[in-house]
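Numbering (this note's numbering), first residue to last: 23 to 128.
Note that beta-carbon positions come from the ideal geometry of N, C-alpha and C, so glycine has one too.
Here the structure is a predicted model, which means the values were calculated and not measured.
What follows is a single structure, written as structure tokens, with notes after it.
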Amino acid sequence: MKRVITISLVVLGALMLATPALAQPQTAEAAAASAVGYRYIAAGIGFAIAVFGGAIGQSKVAAAACEGTARNPGASARIQTMMILGLALIESLVLFALLVVFAGIK
Numbered sequence: 023m024k025r026v027i028t029i030s031l032v033v034l035g036a037l038m039l040a041t042p043a044l045a046q047p048q049t050a051e052a053a054a055a056s057a058v059g060y061r062y063i064a065a066g067i068g069f070a071i072a073v074f075g076g077a078i079g080q081s082k083v084a085a086a087a088c089e090g091t092a093r094n095p096g097a098s099a100r101i102q103t104m105m106i107l108g109l110a111l112i113e114s115l116v117l118f119a120l121l122v123v124f125a126g127i128k
């Protein structure tokens, strides 16, 4: 049994080494298409990082606003105004990142 496994692994290794020898050379169009695919992947990862950062920022702003309102209910109107302003600025940064992603894909 051990001999069969060894022979199988040797045959598998030989087949794996032979694969690049049978591959066709890459054309210029295929290389360009591959580069475009990598751009899309990089854009998606970059935008995901921007969205993650924006979500963390928005959650901290909301938590701080709730805590401030709980400590001083009389100032809740001013706190809410500042919270909405902060959330809008954070969201604008995420939308700016989306714009940069779409500009970078072209």
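Rounded straight-line distance, which links the Cα of residue j to that of residue i
i, j, result
"M104", "A70", "26 Å"
"K24", "G35", "17 Å"
"A77", "M38", "45 Å"
"E113", "L121", "12 Å"
"A72", "S30", "48 Å"
"A64", "T49", "23 Å"
"G75", "T28", "51 Å"
"G68", "Y62", "10 Å"
"V116", "V33", "53 Å"
"A57", "A40", "26 Å"
"R96", "E89", "Per the sequence presented here, residue 96 reads as Gly, with Arg not at that position. Roughly 13 Å separates the two Cα atoms."
"G79", "E51", "42 Å"
"A85", "A55", "45 Å"
"A125", "R93", "45 Å"
Proximity of residue i and residue j at Cβ, strictly below 7 Å
i, j, result
"V83", "L111", "no"
"I101", "A87", "yes"
"T91", "S81", "no"
Burial state of residue i, where buried means 16 or more other Cβ atoms lie within 10 Å
i, result
"V26", "exposed"
"V123", "buried"
Whole alpha helix (DSSP H) runs in the stretch 50-114 with 4 or more residues, listed along the chain?
Those alpha helix (DSSP H) runs which fall completely within the stretch 50-114 and span 4+ residues are 50-93.
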